[in-house]
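Undergrad: Here it is: the structure, laid out below.
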Amino acid sequence: MKFTTPASTNPIDRLKVVGRPLDRIDGPAKTTGSAPYAYEQHEAAPNAAYGYVIGAGIAKGRITSINLNDARRAPGVIAVISADNAGTLGKGRMNTARLLGGPEIQHYHQAIALVVAETFEQARAAAGLVKVEYAKEKGAYDLDQARDSAAVPKSSKPDTKVGDFDGVFAGAPVRLDATYRTPDQSHAMMEPHASIAAWEGDKLTVWTANQMIAWTRGDMAKTLGIPKENVRLISPYIGGGFGGKLFLRSEALLAALGARAAKRPVKVALSRPLIINNTTHRPATIQRIRIGATRDGKISAIGHETWSGDLPGGKPEEAVQQTRLLYAGAHRMTRTRLAVLDLPEGNAMRAPGEAPGMMALELAMDEMAEKLGIDPVTFRILNDTKVDPEKPGRPFSQRSLIECLRTGAERFGWKARNAEPGKTREGRWLIGMGVASAFRNNMVMKSGARIRLDTRGIVTVETDMTDIGTGSYTVIAQTAAEMMGVGIDKVVVRLGDSRFPVSAGSGGQWGANSSTAGVYAAGMKMRETVALKLGMNPAEAEFSDGAVRAGGKSAPLGQAAQDGELVAEDSMEYGDLDKKFQQSTFGAHFVEVAVDSATGETRVRRMLAVCAAGRILNPKSARSQVIGAMTMGLGAALMEELVVDTRTGFFVNHDLAGYEVPVHADVPHQEVVFLDETDPLSSPMKAKGVGELGLCGAAAAIANAVYNATGVRVREYPLTLDKLLAKLPAMT
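Just so you know, this note's numbering puts 792 at position 721 of the sequence shown, and the rest follows in order with no gaps.
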């Protein structure tokens with residue numbers, strides 16, 4: 072099915088099941104521990120041996136010798152794999168560095184060997200016997216030092232320009248020119264990168280924690296040099312990913328190599344230090360923002376430049392994306408530059424681009440509002456636009472930013488905010504409020520599904536879509552139930568298997584909208600099949616309450632399958648509506664903080680997010696996504712930072728003891744409001760993504776609240792107390 076014209080009235084609009092705040096259908100399995108995650112597929116892959124990954128001890132250079140003999144002789148050892156005996160390996164198109172290093176080393180903790188043994192403890196002990204000698208080479212590990220050598224990246228639009236930014240900015244009566252920094256960050260998901268691999272002849276099966284089944288299946292086949300048809304990936308449950316499990320990673324490849332050598336299943340899970348230095352992370356950025364405005368607050372010129380780093384062949388953190396679209400201004404400029412850094416690979420982390428970009432842009436907007444003497448909410452509303460500022464002839468499909476800001480201000484009590492920083496106290500605590508717009512582009516991806524119908528009226532959906540804790544099982548079940556006119560208890564959902572139709576996968580905030588649109592397409596085909604089987608006109612058939620009715624006839628849904636199971640498969644493909652209309656999601660974040668006037672300790676007291684993201688398919692799971700994103704924003708604002716050892720090129724705090732993330736005690740009261748919105752230009756579901764919108768702007772709202780509380784403007788994240796202490800107002 073092709074989506075080329077705006078959605079009209081369709082079966083989803085009945086909203087008998089879709090749009091309801093239903094509990095997760097996978098909840099009982101997860102809360103009772105019966106949902107098998109990748110490392111727990113004991114029944115599917117019995118008698119599995121254990122693999123332990125050895126990471127490189129240098130960041131750049133070569134292995135001059137690697138002695139595996141002692142490890143091979145150690146108790147319980149079955150095989151030891153290194154680049155010397157792994158055979159010829161390719162590199163997946165989604166990977167920047169090779170997943171098995173040697174002799175060349177491209178980054179610290181790049182995998183260089185796998186020890187396979189009968190038990191995990193034996194594999195770990197034997198790994199300690201591997202002796203490696205290196206020839207170190209000088210590497211680049213400091214973004215500030217590499218900034219001047221940064222080059223134009225190979226991306227679609229590294230630079231954009233509209234009008235005369237330089238001239239208009241120089242002549243603007245009110246100007247801001249500020250530089251902001253965001254640090255390297257880790258995905259820090261609960262479930263580690265883990266896989267079990269097994270061979271049956273030349274056929275490989277991998278049970279893995281992966282967000283994008285089709286991408287990873289293809290890259291596994293390419294890396295091993297085998298036909299894609301010989302690779303099966305299974306990933307029904309994933310304990311968090313945040314972008315870190317989008318691509319093939321070393322543990323899955325090494326499990327496959329280990330299983331081939333051991334001639335039995337092998338399971339591999341990365342330890343926390345290896346996760347942080349061996350896998351991907353969100354790259355640090357340096358961002359310069361310049362805004363020029365008239366004295367009445369209208370932006371006349373806006374420019375945003377960003378620098379980030381990655382391994383050779385890597386991609387930039389495109390932190391200017393939102394600035395191209397979020398606010399009006401006739402004269403505009405963005406620039407993206409990429410430096411070569413020999414740190415572990417930088418890649419997608421929840422809301423890549425917009426998340427760090429909004430951390431800077433929304434601080435700049437507050438600073439500019441203060442220069443102008445205009446309320447920060449009013450300033451943002453004043454510079455709203457209903458068209459793409461770079462292409463004024465292209466309108467937004469839906470844009471409710473003003474409504475988000477006004478609704479949030481009213482519900483949060485913004486009028487009570489003291490505009491003068493550092494003047495509101497409760498005992499020793501300095502109290503402040505902050506605001507930031509929320510923005511994330513809406514993306515759609517081709518997505519397929521298969522629907523089966525049996526004589527009992529049970530509807531089974533199969534798609535390789537994944538659930539990373541986002542509620543995919545439930546929104547897919549709701550879609551199938553709505554399409555076929557049954558209760559959700561009559562729907563079975565099977566996900567995460569490469570034998571199922573290829574879906575959009577989980578990433579880019581496109582998962583729920585795109586995957587359910589694929590189920591919609593398969594549902595339309597099944598409706599037609601059922602109606603014809605029952606001798607009814609498909610155009611007139613109504614599906615409700617487990618029955619089909621048309622032309623005065625009625626029959627139970629399951630009757631259509633009396634001669635055998637019915638199967639319908641289709642996918643949703645998209646035309647060029649996204650080129651004719653800019654599709655984005657919008658929101659507003661409001662935050663109240665308290666800062667200890669003696670210590671600089673910051674406590675977030677309450678948070679509000681107002682979101683406009685099309686039809687909300689399941690308000691309960693959508694709220695869960697947004698509060699999770701808000702919590703990530705809290706971490707980004709106050710604590711999260713991968714600290715780089717710029718002498719030796721690795722992240723020092725490479726575990727969950729040193730890399731701090733928010734815990735329950737850090738998380739305040741959180742409220743989420745969804746505006747009543749549908750977007751018929753997005754998909755037949757009239758929905759959009761929402762899971763990353765809750766992150767974009769949240770950290771900036773906290774930083775703006777800290778400034779309002781203290782009068783201390785911090786332009787480098789995270790806002791740790793050492794950056795506040797020397798400038799705090801005097802205690803009273």
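The C-beta atom is built at its ideal place from N, Cα and C for all residues, glycine as well.
So, do the stretch 338 to 355 and the stretch 309 to 328 have three or more beta carbon pairs nearer to each other than 8 Å?
TA: In short, these stretches touch, since the Cβ pair count reaches three.
Undergrad: Answer yes or no: does any C-beta atom of chain D fall closer than 7 Å to that of G622?
TA: As a matter of chain content, chain D is missing from the structure shown, which is built from one protein chain.
Undergrad: Expressed to the nearest angstrom, what Euclidean distance is found between the alpha-carbon atoms of D455 and E461?
TA: Whole-angstrom Cα-Cα distance: 14 Å.
Undergrad: Since E712 contacts P800 with CB under 8 Å, what's their CB separation in whole angstroms?
TA: Not a contact, Cβ separation roughly 26 Å.
Undergrad: Assign E388 to buried or exposed, taking buried as 16 or more other Cβ atoms, counted over all protein chains shown, within 10 Å of its Cβ.
TA: With 16 or more other Cβ atoms within 10 Å, it is buried.
Undergrad: Based on Cα-Cα distance, which residue from D726, G582, H740, W378 lies nearest to Q216?
TA: That would be W378, whose Cα lies nearest to the Cα of Q216.
Undergrad: L688: which of A588, Y398, K209 sits nearest, CA to CA?
TA: Comparing Cα positions, the closest option is A588.
Undergrad: Give a yes or no on whether the C-beta atoms belonging to F313 and H258 are separated by under 7 Å.
TA: Yes.
Undergrad: Cutting at 7 Å between CB atoms, please list the residues of its own chain near A401, excluding the five before and the five after it.
TA: Correct list, in chain order: G234, S371.
Undergrad: Mind checking which residues open and close the alpha helix (DSSP H) that includes V239?
TA: From DSSP, the alpha helix (DSSP H) with V239 extends over 236 to 242.
Undergrad: Going by other Cβ atoms of all chains shown within 10 Å of its Cβ, with 16 needed for buried, is N513 buried or exposed?
TA: Buried, because 16 or more other Cβ atoms sit within 10 Å of the Cβ of N513.
Undergrad: With three or more C-beta pairs closer than 8 Å as the rule, is the stretch 703 to 711 touching the stretch 790 to 797?
TA: The answer is yes - the stretch 703 to 711 touches the stretch 790 to 797, with three or more Cβ pairs under 8 Å.
Undergrad: For the candidate residues Y108, E640, T600, whose alpha-carbon lies nearest to that of V339?
TA: When each option's Cα is compared against that of V339, the closest is Y108.
Undergrad: Kindly list the residues whose CB is nearer than 6 Å to the CB of T531, restricted to its own chain and excluding five residues on each side of it in sequence; keep chain order.
TA: Same-chain partners within the cutoff: R523, V563.
Undergrad: Please indicate yes or no: does the CB of V223 lie closer than 6 Å to some heavy atom of the ligand NAD?
TA: Ligands in the displayed structure: none, and consequently the ligand NAD is not present.
Undergrad: Could you compute how far the alpha carbon of I373 sits from the alpha carbon of Y398?
TA: Distance between the alpha carbons of I373 and Y398: 9 Å.
Undergrad: Taking the beta strand (DSSP E) that W378 belongs to, which residues open and close that run?
TA: 370 to 381 is the span of the beta strand (DSSP E), which, as asked, contains W378.
Undergrad: Output yes or no for whether 7 Å exceeds the beta carbon distance between R511 and T656.
TA: Yes, Cβ-Cβ distance for R511 and T656 is below 7 Å.
Undergrad: Where does the unbroken beta strand (DSSP E) through R620 begin, and where does it stop?
TA: That run of the beta strand (DSSP E) goes 618 to 621.
Undergrad: What residues in its chain sit with their C-beta under 7 Å from that of M607, if we drop five residues either side in the sequence?
TA: Only V619, A621, G622, K624 meet the Cβ criterion.
Undergrad: Please name the residue, chosen from D560, A265, V506, A669, that lies closest to R95 on a Cα-to-Cα basis.
TA: It is D560 whose Cα lies nearest to the Cα of R95.
Undergrad: Would N349 be called buried (16 or more neighbouring beta carbons within 10 Å of its own) or exposed?
TA: When all chains shown are included, N349 counts as buried.
Undergrad: Provide the residue(s) that pair with C682 in DSSP beta bridges, ordered along the chain.
TA: Answer is G658, F745.
Undergrad: Look at P572 and T534 and say whether their C-beta atoms are less than 7 Å apart.
TA: Cβ distance < 7 Å, so P572 and T534 count as in contact.
Undergrad: DSSP three-state label for L409, please.
TA: Strand at L409.
Undergrad: Just the C-alpha distance for L432 and R246, rounded to the nearest angstrom, thanks.
TA: When rounded, the distance between both Cα atoms is 14 Å.
Undergrad: Which value, in whole angstroms, describes the spacing of the CA atoms of G128 and A119?
TA: Taking the straight line from one Cα to the other gives about 28 Å.
Undergrad: Based on the DSSP output, what are the partners of Y308 in its beta bridges?
TA: Per DSSP, none; premise fails for Y308.
Undergrad: By a C-beta neighbour count over all protein chains shown, 10 Å radius and 16 as the cutoff for buried, is H113 buried or exposed?
TA: Exposed is the call here.
Undergrad: Would you list the one or two residues that DSSP bridges to F510?
TA: Answer is F657, bridged to F510.
Undergrad: Between which two residues does the alpha helix (DSSP H) carrying W286 extend?
TA: Start and end: 284 to 295.
Undergrad: Measuring alpha carbon to alpha carbon, tell me which residue in L443, A440, A188 is nearest R335.
TA: Of the candidates L443, A440, A188, the one whose C-alpha sits nearest the C-alpha of R335 is A188.
Undergrad: Give every residue of the same chain whose Cβ lies closer than 6 Å to the Cβ of V186, excluding the five residues on either side of it in the sequence, and list them in chain order.
TA: Excluding sequence neighbours, V186 sits near Y123, A142, V151, A194, A197, A198.
Undergrad: Is DSSP giving F318 helix, strand or coil here?
TA: The answer is coil: DSSP assigns F318 none of H, G, I, E or B.
Undergrad: Less than 7 Å separating the beta-carbons of G104 and P307?
TA: No, Cβ-Cβ distance for G104 and P307 is not below 7 Å.
Undergrad: What span of residues does the beta strand (DSSP E) with K232 cover, start to end?
TA: Per DSSP, K232 belongs to the beta strand (DSSP E) from 230 to 233.
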